[in-house]
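Number of protein chains: 2
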Amino acid sequence: MKRPTLEAVAARAGVSRATVSRVVNGGTTVTPELRDAVMRAVDEMGYVPNLAARSLVTQRTDSIALVVSEPPTRVFSDDPMFATVIRAASSELEEADRQVILMLAGTPAGHARVERYLTGGHVDGVMLVSMHGADPLPAAITRMRVPAVSLGRPAVNVNLPYVDNDNVGGAEAAVRHLLERGRRRIATIAGPPDMVGGQDRLAGYRAVLQGSDRRSIVAIGDFTRESGLVAMRQLLEDDPGLDAVFVANDLMALGAMKALRQAGRRVPDDVAVVGFDDIEAARYTEPPLTTIRQPFREQAAATVRLLLGIMDGGDVAPVVLPTELIVRESA
Amino acid sequence: MKRPTLEAVAARAGVSRATVSRVVNGGTTVTPELRDAVMRAVDEMGYVPNLAARSLVTQRTDSIALVVSEPPTRVFSDDPMFATVIRAASSELEEADRQVILMLAGTPAGHARVERYLTGGHVDGVMLVSMHGADPLPAAITRMRVPAVSLGRPAVNVNLPYVDNDNVGGAEAAVRHLLERGRRRIATIAGPPDMVGGQDRLAGYRAVLQGSDRRSIVAIGDFTRESGLVAMRQLLEDDPGLDAVFVANDLMALGAMKALRQAGRRVPDDVAVVGFDDIEAARYTEPPLTTIRQPFREQAAATVRLLLGIMDGGDVAPVVLPTELIVRESA
DNA sequence: CTGAAAGCGCTTACAG
DNA sequence: CTGAAAGCGCTTACAG
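Protein chains in written order, with the UniProt record's numbering: chain A, 1 to 331; chain B, 1 to 331.
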């Protein structure tokens, strides 16, 4: 009662294994009669090719891993980034007829397991999402010559093609907007120190303030709504006179606005708020959130194209997508 | 510049392939000297076993697929069920040293691709989550003798071991509670007709009402918050005199409470509300939601154990976990 | 158009 | 304890 093999199908159809292989793989050079006989045998026996055997000889698997370096709680959180990215990447990948394998690598043990899986040749390529600073995955993967790209610029010392949006430029635009509105004490809630995106946005904030002789006022969050709330409270305590805040992502901005409301500050009258991402919820806050739009979908699609291109021997140059200031009512 | 093979490592270490294989797989019957030589060669060459080749001979992959039959938008929605289940199942599976492969099968095309992947022998077993009525996956999988289990009772005609909670009993407890509180016109917002869990809860609701001569008042939702809101409006329009509603999941209950608030009905004074699931948000509604607790984590863990057991030749009897009425203030 | 044969990279009885 | 050899289930030049 084991699953039938090519051999068994060939025997039943009265042909060679090569012929069965040809019709199973859509080969065109088979006479209709043999073709029919094979098809019948395949149906009758319920034959399905063993993919391990096939990939052993073809040296390809037609699968791509989508590795998200976060624990499930964060991936399945209220941050719509993951859903958007995974959906866009999946549909792009499926269009290219590749199976998408989703792997969550949130813990050290999980990380090691994923590394073993990827370097073991189970996939033709890998797309890394949400990498953190000390991530050992890129090095291991590239050492094994598995084509890989990152959505988001990786930490400095790894040599990995990537797609990102212009985090620095976006942050600069946000802070400049605040300055143009006449704000004088502009604070920021930055992202986690081990994520490049967060750091780039902080750098953009600092660059503009330095150029205008303003003092930096910085609190750190971890991109969750709750951390935005906590950070905002911290900021208000440190500097009650602040009149604006640039928050490194919209989700934290939602938390920050809640903290401001609780502290009795009006937005934007007392404190102007600018976020980053332009998630859907940004349109429904009270008041609607001014933010930097980040093209998640295009980023994901571009990352997939970059990966597919590299697997095809193509260009490895990074791609950086522009961001856009979306002015609503919070600043 | 290709990746090194066992053969190459053997040549370098001056031993046979068999010996390399033994040390790589932790075989104990190798003299320390050879062992060291092999280890050194492995390190120097950066050898990593080709898993396709290994699984071809061992007939196992040590991977388990977690197939969620939903589109990304729903999996990554505000419904914490998916995160909870995926996390619990993953950690249980990793404890058993299995690689977890997450696959989203939300579209027909995706479904076909996943089926090909699973029947192609890429995994040792599969755990199905959130199956819908007409799902062809179970049949295809079992035909190929791939061990599989479902989290949630599958639609009637497939023969698939499963773990579920007592949906009927839970719904009955909810409605009985409403009756005991003296409610007379008890409506329900049911889940989608193609999902067994939703139907079982509806059956429980109907069973209790029939036993007490009450009329059923039914609206249908799809387990999302928004659908709960819409369904509640519908219900109020159909029967303005209703004084209680049993909602088939908490997320829809949140939507329903919003609709009630908008319609000027007080909870529980005018309309009592009971949900199902006991998600975290249920504790923070205004008023806190009375609901049926469903042990997501234990369910996921039990499903994994059932699968692992079956793969080990063990029992295939379904497991049904009890639910519990959690009385808060909404009813 | 079709088949015999080699080979993908491993593991595992079987001798020794 | 170690190695030669068979074999896992496929694909693909190569002849014919």
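Backbone N, C-alpha and C define an ideal beta-carbon position, used for all residues, glycine too.
All values derive from a computational prediction rather than experimental measurement.
Neighbouring residues, chain B, relative to A:Leu56 (Cβ below 8 Å): For the purposes of this step, residue 56 of chain A is taken as the residue at position 56 of the first sequence. Near A:Leu56 (Cβ distances below 8 Å), the residues of chain B are Asn50, Ala52, Ala53 and Leu56.
At least three beta-carbon pairs within less than 8 Å, the region 134-141 of chain B to the region 109-120 of chain B: Yes, since at least three Cβ pairs between the region 134-141 of chain B and the region 109-120 of chain B fall closer than 8 Å, the two stretches touch.
Alpha helix (DSSP H) segment containing A:Tyr205, residue limits: Here residue 205 of chain A refers to the residue found at position 205 when the first sequence is read from its first residue. Start and end: Val196 to Gly211.
Beta-ladder partner(s) of B:Phe246, from DSSP: By one-based count along the second sequence, residue 246 of chain B stands at place 246. By DSSP's assignment, B:Phe246 forms a beta bridge with B:Thr188 and B:Val274.
7 Å Cβ cutoff, A:Arg297 in contact with chain B: Here residue 297 of chain A refers to the residue found at position 297 when the first sequence is read from its first residue. Contact with chain B is absent for A:Arg297, since none of that chain's Cβ atoms lies less than 7 Å from the residue's Cβ.
For A:Arg153 and A:Asp164, believed in contact at Cβ under 8 Å, the rounded distance: To locate residue 164 of chain A, count along the first sequence from 1; it is residue 164. To locate residue 153 of chain A, count along the first sequence from 1; it is residue 153. Correct: roughly 4 Å between the Cβ atoms.
8 Å Cβ shell around A:His122 - same chain, five flanking residues per side excluded: Working through the first sequence from its first residue, we reach residue 122 of chain A at position 122. Excluding residues within five positions, the ones whose Cβ falls inside 8 Å are Thr61, Ser63, Ala65 and Ile101.
CB contact check: B:Ile186 to chain A, cutoff 7 Å: Locating residue 186 of chain B in the second sequence gives position 186, counting from the first residue. For B:Ile186, the nearest beta carbon of chain A is not closer than 7 Å to its own beta carbon.
Residues that B:Glu136 contacts on chain A, provided the C-beta gap is smaller than 9 Å: Looking up residue 136 of chain B in the second sequence gives position 136. The sequence given here places Pro at residue 136 of chain B; Glu does not occur at that position. Result: empty, since nearest Cβ-Cβ is about 14 Å, beyond 9 Å.
Chain B contact for A:Pro72 (CB, 7 Å cutoff): By 1-based counting over the first sequence, the position of residue 72 of chain A is 72. By this cut-off, A:Pro72 is an interface position.
B:Arg206 and B:Ala248 closer than 7 Å at C-beta: Sequence index remark: in the second sequence, residue 206 of chain B carries index 206 (1-based). Sequence index remark: in the second sequence, residue 248 of chain B carries index 248 (1-based). Result no, Cβ atoms of B:Arg206 and B:Ala248 do not sit closer than 7 Å.
Extent of the continuous beta strand (DSSP E) run through A:Gly110: Residue 110 of chain A sits at position 110 when you count from the first residue of the first sequence. Here A:Gly110 belongs to no beta strand (DSSP E); instead the alpha helix (DSSP H) covers Pro108 to Thr119.
Under 9 Å by beta carbon: chain A residues contacting B:Met144: Looking up residue 144 of chain B in the second sequence gives position 144. Within chain A, the residues placing a beta-carbon under 9 Å from that of B:Met144 are Arg3, Gly46 and Val48, ordered along the chain.
Contacting residues, own chain, Cβ-Cβ under 8 Å from B:Gly14 (five flanking each side not counted): Residue 14 of chain B sits at position 14 when you count from the first residue of the second sequence. Residues Ala37 of the same chain have their beta carbon placed closer than 8 Å to that of B:Gly14, with the five preceding and five following residues left out of the count.
Per DSSP, cross-strand counterpart(s) of B:Met103: To locate residue 103 of chain B, count along the second sequence from 1; it is residue 103. Per DSSP, B:Val67.
Cβ-based neighbour list, B:Ala190, same chain, cut-off 8 Å, excluding 5 preceding and 5 following: By 1-based counting over the second sequence, the position of residue 190 of chain B is 190. Around B:Ala190: Gly198, Gln199, Arg201, Leu202, Tyr205, Val218, Ala219, Ile220, Gly221 and Ala248.
Beta-carbon gap between B:Val267 and B:Phe246 smaller than 7 Å: Taking the first residue of the second sequence as position 1, residue 267 of chain B is located at position 267. Taking the first residue of the second sequence as position 1, residue 246 of chain B is located at position 246. Cβ distance not < 7 Å, so B:Val267 and B:Phe246 don't count as in contact.
Integer-rounded CB distance, given that A:Ile141 should sit under 8 Å from A:Leu178: Working through the first sequence from its first residue, we reach residue 178 of chain A at position 178. Working through the first sequence from its first residue, we reach residue 141 of chain A at position 141. At roughly 40 Å, the Cβ-Cβ gap does not stay under 8 Å, so A:Leu178 and A:Ile141 are not in contact.
Distance, A:Arg328 Cα to B:Val319 Cα: Within the second sequence, residue 319 of chain B is the residue found at index 319, counting from 1. Within the first sequence, residue 328 of chain A is the residue found at index 328, counting from 1. Taking the CA atoms as reference points, B:Val319 sits about 53 Å from A:Arg328.
Where A:Arg293 falls: helix, strand or coil (DSSP): Looking up residue 293 of chain A in the first sequence gives position 293. The answer is strand: DSSP assigns A:Arg293 an E or B state.
Assigned secondary structure, B:Ile220 (DSSP; H/G/I helix, E/B strand, else coil): Position 220 of the second sequence, counted from the first residue, corresponds to residue 220 of chain B. Looking at B:Ile220 - three-state DSSP - the assignment turns out to be strand.
Min CB distance A:Ile279 to chain B below 7 Å: Your numbering for residue 279 of chain A matches position 279 in the first sequence. Judged by the 7 Å Cβ criterion, A:Ile279 is not in contact with chain B.
C-alpha gap between A:Ala174 and A:Leu251, whole angstroms: Start at 1 with the first residue of the first sequence, and residue 174 of chain A comes out as number 174. Start at 1 with the first residue of the first sequence, and residue 251 of chain A comes out as number 251. Roughly 16 Å separates the two Cα atoms.
Other residues of its chain near A:Ser212: CB distance less than 8 Å, five sequence neighbours each side excluded: On the first sequence, residue 212 of chain A is found 212 positions in, with the first residue counted as 1. Counting only Cβ-Cβ distances below 8 Å, and skipping sequence neighbours, we find Leu179.
Assigned exposure category for B:Tyr47 - 16 Cβ within 10 Å defines buried: Counting from one through the second sequence, the residue named residue 47 of chain B turns up at place 47. The residue is buried, with at least 16 neighbouring Cβ atoms inside 10 Å.
For A:Arg145 and A:Ser330, the rounded distance between their alpha carbons: Taking the first residue of the first sequence as position 1, residue 330 of chain A is located at position 330. Taking the first residue of the first sequence as position 1, residue 145 of chain A is located at position 145. Rounded to whole angstroms, the separation of the alpha carbons of A:Arg145 and A:Ser330 is 48 Å.
Contact set between the region 79-93 of chain B and chain A, restricted to residues whose Cβ is under 8 Å from the partner: Per Cβ criterion, the list reads Pro80, Phe82, Ala83, Ile86, Arg87 and Ser90.
Residue-chain proximity (A:Thr119, chain B), Cβ-Cβ < 7 Å: Translated into the one-based positions of the first sequence, residue 119 of chain A becomes position 119. Answer yes: the Cβ-Cβ gap between A:Thr119 and chain B drops below 7 Å somewhere.
Reduced DSSP secondary structure (H/G/I, E/B, other) of B:Val316: Position 316 of the second sequence holds residue 316 of chain B. DSSP places B:Val316 outside both helix and strand once states are collapsed to three, so it counts as coil.
Endpoints, the beta strand (DSSP E) within which A:Ser150 is located: Within the first sequence, numbered from 1, the residue matching residue 150 of chain A stands at position 150. Unbroken beta strand (DSSP E) run through A:Ser150: Ala148 to Leu151.
Any C-beta of chain A under 7 Å from that of B:Ile326: For the purposes of this step, residue 326 of chain B is identified with residue 326 of the second sequence, where counting begins at 1. Look at B:Ile326: its C-beta is not under 7 Å from any C-beta on chain A.
For B:Thr58 and B:Phe276, the rounded distance between their alpha carbons: Counted from its first residue, the second sequence places residue 276 of chain B at position 276. Counted from its first residue, the second sequence places residue 58 of chain B at position 58. The alpha-carbon separation between B:Phe276 and B:Thr58 amounts to approximately 45 Å.
Extent of the continuous alpha helix (DSSP H) run through A:Gly169: Looking up residue 169 of chain A in the first sequence gives position 169. The continuous alpha helix (DSSP H) containing A:Gly169 extends over residues Asn167 to Glu180.
Nearest-angstrom beta carbon gap, B:Pro72 and A:Ile86 [assumed within contact, 8 Å]: One-based indexing of the first sequence puts residue 86 of chain A at position 86. One-based indexing of the second sequence puts residue 72 of chain B at position 72. Right, their Cβ atoms sit about 5 Å apart.
Rounded separation between B:Ala105 and A:Leu209 - CA only: Numbered from 1 along the second sequence, position 105 holds the residue referred to as residue 105 of chain B. Numbered from 1 along the first sequence, position 209 holds the residue referred to as residue 209 of chain A. The alpha-carbon atoms of B:Ala105 and A:Leu209 are separated by roughly 48 Å.
Any C-beta of chain B under 7 Å from that of A:His177: Taking the first sequence and counting its residues from 1, the one referred to as residue 177 of chain A is at position 177. Taking 7 Å as the threshold, the shortest C-beta distance from A:His177 to chain B does not fall below it.
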